[in-house]
Amino acid sequence: MKQLLSKEPFALLLFSAVILTMPIWLAPLGANYPDLLQKFAIYAIFAMGFNILFGLTGYLSFGHAAFLGVGSYAAVWSFKLFTMNVLPAVLFGTAFAGGVALLIGFVCLRRSGIYFSILTLAFAQMFYNLAYSVMTPITNGETGLQLTLQDPRIIDRALAPAGQGLPSTELFGLSMSGYSGFYFCATMLIICFFISRRIFKSPFGLTLLGIKSNQTRMNYTGFNTRPYTLTAFVISGMFAGLAGSLLAVTDPLAGAERMQWTASGEVVLMTILGGVGTLIGPMLGAWIIKYFENIFSSFNDDALQQVYSFLPEGLRNMAVDLSSLFVGEGWHLTLGVLFMLIVIFLPGGLMEGWRRIVRRFRGGGGGEGESAPAATAQPAE
Amino acid sequence: MPILHLLLEHSVDNGALRNMDAIFLQFLNGLDKGGAYALIALGLTLVFGTLGVVNFAHGALFMLGAFCAVTFNKLLSLELVVLDETKTTAWGTALEVRTAYIENWFGDFGTTILDYSVPISIIVAIPVMLLIGIAMERGLIKYFYKRPHADQILVTFGMAIVIQEIIKHYFGANPIPQSAPDIVSGSANIGLWLGLGDNVVYPWWRLVYFAFSAFIIAAVFAFLQFTTYGMVVRAGMRDSETVGLLGINIEKRFTVVFGLAAVVAGLAGVMYTPILPPDYHMGMDFLVLSFVVVVVGGMGSLPGAVLAGFMLGILQSFASMNEITSLFPGIDQIIIYLVAVVILLTMPRGLLGREGVMEE
């Protein structure tokens, strides 16, 4: 099995099969509706791209949401100006985010470590401010950028007269809402998986890993590391831009809140939850977070009352009060707590936890049912 | 400050602004915001210099300070509701009379206390913030000294989210305005004092804030410079291992320094409440800018943090002048980041950064 997996065609085939059948095998979890599936695919791309930077080079960017936002804006502008076809929009979004990443990366990569994190955070905040207020003519500020009836849409108008109402996004006539939208995002995800798998196995990827483990030594061996890190940064920004433009494809509007620091923090969390530096870990992290976000934020006090209906009155109210902190509006609190727990107890993420469980079974040292302690085996010293 | 000069000359040459008063006013405007930046950046630098940890939860401490003031004010203004049978409302029912308990108990003195709730909450905030700071260091950050910087950033970031969301849960998402004491609620006619004409007036409280931040900064520097305790801490910042070998429990002192940084951030938050109504995300807003301040000032340099804090505050307030924003719309929102980029490209260590700090 393991040998088979390391063969490229087989790995790709398996991956594609898993992704494309998601509507089927997610049905028991109640997560097989298109909206959520699209999010799964899109945020998996986002986290995968982030992992190329953080997982391979060790540079912790706190401003990746900026690229997501830039990609969204570029895609919506492509819808507004040229055509409702999604291919140009995706291309624009990716390329534009790549350009912005080149600019930001050029400045930020002059420093490493904490400096780099702070700088990317500052840049993301600057882009948020730009989008939110300064560049209102381009970004439509607080309201967000939306399609309007008076958009030029040059190419579409040249081919056919404008119809009634707002058009929807399409791929050569195929509407991009619902399942077709998911399959488009899924195809993109498979392509991204292929690219990131190639990068992981390439000499380029190994160089990046070398930079992560000891940049000084890499410099001494004669490598000029800057172009390598910059390339990784730009690729990672382009992944984020692609994810952003896919968000616009599935729902053609773009708002500044996508660029806020909380969004940047979320992708970091996805990546470390799944497992930094692993190929599929970030994707798993993205799925888990989006799935639970969906479940947790739909809870309200009434739903909680039902959940705890087996408890006696007084106890039930206490339980509801306590858990209402974490669900609904308080979903971010759950996210924060999860963030801390993962960093403290399981810095390698779920993939690391999985490896520990496997090792335990192989080694035969631990018995069954030891999986939970295995996950917390490393104290925070 | 070459950029400042450039901005000034530009606006004066342009003829749009011939008014020295306006410039002076913007300068003052920058001082209180700069004071807040400087105080937060000072704490960040202290923690970074002693413990080597970048504390992403430092903004949350600033916010917690502000909510100390809010809580204190809420406690003070708990009201006793009595029905006054002698007076009636338009509906003929008895009139409700609400008086704060504290006024009931102490009369006029109670009213005064209520009026001065923001300055008085400093007394409450100091022990509270000290406790929170020490608990945070002992309970969480202590375990992260030997972990990679990325882990330190991530765990404090998670901490910041947790604190922020808890505050949001209990106090709601809306800003809660606080008022300054009546005596300083008006504006000071600074123009008259300095002979600049009548139209240079400035809110009293902002002057108070500037004076307060200057006092705190001076106190922190005096503590580090003139006390034996501070001397040991400074020695520890240079070389904690050697200080440890000399038989001094340097970790204990660093914990106290973390508590001190929390107090400084908290006090900055308490006193800032009349200027900016506190809400749950004010901490993060200030934190990002304070990070920029720290980077511009030079990582690990205390005077650099203070200098850059005031400089960027003043710069931001100049950039928000009408004359400038009409030339470059929205420049006030991004000027700080632009300056940070320029400084970093020309002086990678920041204004006063020392060699060998944070360099692999």
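Each protein sequence line maps, in turn, to chains A and B. If you read the first sequence in the numbering used here, its first letter stands for residue 45, the second for the next number, and so on. If you read the second sequence in the numbering used here, its first letter stands for residue 32, the second for the next number, and so on. The C-beta atom is built at its ideal place from N, Cα and C for all residues, glycine as well. Being a predicted model, the structure only gives us computed values, none of them experimental.
First through last residue of the alpha helix (DSSP H) which encompasses residue i
i: Ala72 of chain B; result: Met51 to Leu82
i: Val239 of chain B; result: Trp235 to Phe257
i: Thr399 of chain B; result: Because chain B spans 32 through 391 in this model, residue 399 of chain B falls outside it and cannot be assessed.
i: Thr102 of chain B; result: His89 to Leu107
i: Lys173 of chain B; result: Premise fails: Lys173 of chain B is in no alpha helix (DSSP H) and is neither H nor E.
i: Asp146 of chain B; result: Asp139 to Asp146
i: Ile86 of chain A; result: Pro78 to Thr101
i: Phe237 of chain A; result: Tyr223 to Lys245
i: Ser161 of chain A; result: Gly157 to Asn173
i: Thr315 of chain A; result: Trp305 to Gly318
i: Ser60 of chain A; result: Glu52 to Leu64
i: Ser367 of chain A; result: Glu357 to Ser368
i: Gly335 of chain B; result: Leu333 to Ala350
i: Phe285 of chain B; result: Ile281 to Tyr303
i: Leu104 of chain A; result: No alpha helix (DSSP H) contains Leu104 of chain A, which DSSP labels as neither H nor E.
i: Val370 of chain B; result: Ile362 to Thr377
i: Asn263 of chain A; result: Gln259 to Tyr264
Residue i burial status per 10 Å Cβ neighbour count (16 or more: buried)
i: Val112 of chain B; result: exposed
i: Phe359 of chain B; result: exposed
i: Ile170 of chain B; result: Inspection of the sequence shows that residue 170 of chain B is occupied by Gly rather than by Ile. Classification of Gly170 of chain B: exposed, given that the 10 Å Cβ count is below 16.
i: Ile235 of chain A; result: exposed
i: Glu391 of chain B; result: Low local confidence applies: a pLDDT of 45 at Glu391 of chain B is under 50, so the model's placement there is unreliable, with the coordinate-based value given in what follows. Exposed.
i: Asp200 of chain A; result: buried
i: Lys283 of chain B; result: exposed
i: Gln304 of chain A; result: buried
i: Glu110 of chain B; result: exposed
i: Leu59 of chain B; result: buried
i: Ala75 of chain A; result: buried
i: Gln194 of chain A; result: exposed
i: Gly107 of chain A; result: buried
i: Phe103 of chain B; result: buried
Residue range of the unbroken beta strand (DSSP E) whose run includes residue i
i: Glu127 of chain B; result: Ala125 to Ala131
i: Asp195 of chain A; result: From DSSP, Asp195 of chain A is part of no beta strand (DSSP E); its letter is neither H nor E.
Among the options, the one whose alpha carbon lies nearest that of residue i
i: Asn268 of chain A; options: A:Arg400, A:Arg399, A:Ile333 and A:Leu153; result: A:Leu153
i: Val149 of chain B; options: B:Gly96, B:Met51, B:Ile197 and B:Tyr201; result: B:Gly96
i: Leu338 of chain B; options: B:Gly384, B:Leu126, B:Leu298 and B:Val232; result: B:Gly384
i: Leu218 of chain A; options: A:Ile339, A:Val130, A:Leu379 and A:Ser367; result: A:Val130
i: Val193 of chain B; options: A:Asn76, A:Gly309 and A:Ala85; result: A:Gly309
i: Gly142 of chain A; options: A:Phe370, A:Ser289, A:Ala204 and A:Asp345; result: A:Ser289
i: Tyr132 of chain B; options: B:Trp122, B:Ile144, B:Gly123 and B:Ala121; result: B:Ile144
i: Gly329 of chain B; options: B:Arg269, B:Ala371, B:Ala88 and B:Thr356; result: B:Ala371
i: His200 of chain B; options: B:Phe87, B:Phe98 and B:Gly261; result: B:Phe98
i: Leu106 of chain B; options: B:Val128, B:Thr273, B:Gly141 and B:Ala125; result: B:Gly141
Helix, strand or coil at residue i according to DSSP, with G and I counted as helix
i: Lys118 of chain B; result: strand
i: Glu110 of chain B; result: strand
i: Asn184 of chain A; result: coil
i: Asn129 of chain A; result: strand
i: Ser219 of chain A; result: strand
i: Leu210 of chain A; result: coil
i: Ser218 of chain B; result: strand
i: Asn205 of chain B; result: coil
i: Leu383 of chain B; result: coil
i: Leu394 of chain A; result: helix
i: Leu323 of chain A; result: coil
i: Leu297 of chain A; result: strand
i: Ile163 of chain B; result: helix
i: Phe405 of chain A; result: helix
i: Leu135 of chain A; result: helix
i: Gly314 of chain B; result: helix
i: Val231 of chain B; result: coil
i: Tyr352 of chain A; result: coil
- Is there contact here, the region 314-332 of chain A with the region 386-398 of chain A, by at least three beta-carbon pairs under 8 Å? yes
- Is the number of C-beta pairs between the region 302-309 of chain B and the region 149-160 of chain B that are closer than 8 Å three or more? yes
- Message: Within 8 Å, do at least three Cβ pairs link the region 308-325 of chain B to the region 205-217 of chain B?
- Response: yes
- At least 3 beta-carbon pairs within less than 8 Å: the region 62-71 of chain A vs the region 113-132 of chain A: No contact exists between the region 62-71 of chain A and the region 113-132 of chain A.
- Check whether the region 340-358 of chain B touches the region 60-68 of chain B, taking contact to mean three or more Cβ pairs, one atom from each stretch, closer than 8 Å. yes
- Message: With three or more beta-carbon pairs closer than 8 Å as the criterion, would you say the region 74-86 of chain B touches the region 325-340 of chain B?
- Response: yes
- Query: Is the region 181-201 of chain B touching the region 368-386 of chain A in the sense that three or more CB pairs, one from each, lie closer than 8 Å?
  - Reply: yes
- Query: How do the region 354-373 of chain A and the region 167-181 of chain B stand: do at least 3 beta-carbon pairs fall below 8 Å, yes or no?
  - Reply: Judged by Cβ distances under 8 Å, the region 354-373 of chain A makes no contact with the region 167-181 of chain B, as fewer than three pairs qualify.
- Report yes or no: do the region 180-187 of chain A and the region 257-277 of chain A share at least 3 C-beta pairs separated by less than 8 Å? no
- Inter-stretch contact (C-beta, 8 Å, three-pair minimum) for the region 247-256 of chain A and the region 331-345 of chain A: Contact check between the region 247-256 of chain A and the region 331-345 of chain A: fewer than three CB pairs, one atom from each, fall below 8 Å, which does not count as touching.
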